[in-house]
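Beneath this line is the structure, given in structure tokens, with notes to follow.
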Amino acid sequence: MQQLTPEKKLDIALEFLSTHGAKGGSYDWYDDRAKERGYDEWLFKYLLTQNISENEHLPIIYKLHRDKFLDTFYDKTNGEQLGERPTQIRISFEGIMLISNGGYEQTKKANETNQARIKRNELIIMIGTGFAGLYALVQFFQ
12 MQQLTPEKKL DIALEFLSTH GAKGGSYDWY DDRAKERGYD EWLFKYLLTQ NISENEHLPI
72 IYKLHRDKFL DTFYDKTNGE QLGERPTQIR ISFEGIMLIS NGGYEQTKKA NETNQARIKR
132 NELIIMIGTG FAGLYALVQF FQ
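In our numbering, the protein residues as written are 12 to 153.
Take a look at the structure:
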């Protein structure tokens, strides 16, 4: 099986949340309340079926939260500061927009294409400047 890129792993999690959100778009994370509420598919289990190891699950959630594509909720008011994992997560509107525009993988490709275009333009400018400088020197010494 092909190794998943970090971007693909993030996209898998966002795609799941955008299509399997519970009522109101929220989704229970690790706790047993998900079963009690009748949510058959946990994100946790889904990520395992996609060959994303368990030690990557929480970092994926935190990355999505830092990038503002995911909202996280905690039972206790200071649960986040104590380093507890979130009890509930919800895809944000920004996350929905990202997935509808191709996700992290598409964004990375677009950035790489843009960087290549910038480097090409800089090279053209450098060559043009060099020729202009040589022309100015020839004109000066004539």
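For glycine and all other residues, C-beta sits at the position ideal for the given N, C-alpha and C.
Per DSSP, reduced to three states, the secondary structure at Gln-150 is helical.
Note that the C-beta distance between Leu-75 and Leu-15 is not below 8 angstroms. Per DSSP, Arg-101 lies in no alpha helix (DSSP H) segment; the continuous beta strand (DSSP E) that holds it begins and ends at 99-102.
Going by beta carbons, Ile-63 and Leu-81 fall outside the 8 angstroms limit.
As a beta-bridge residue in DSSP terms, Asp-82 pairs with Arg-101. Within the model, the alpha-carbon separation for Asp-22 versus Ala-127 is close to 24 angstroms. In this structure, Tyr-85 lies away from Pro-70, with their beta-carbon atoms at least 8 angstroms apart. The Cβ-Cβ distance between Gly-113 and Ser-29 does not fall below 8 angstroms.
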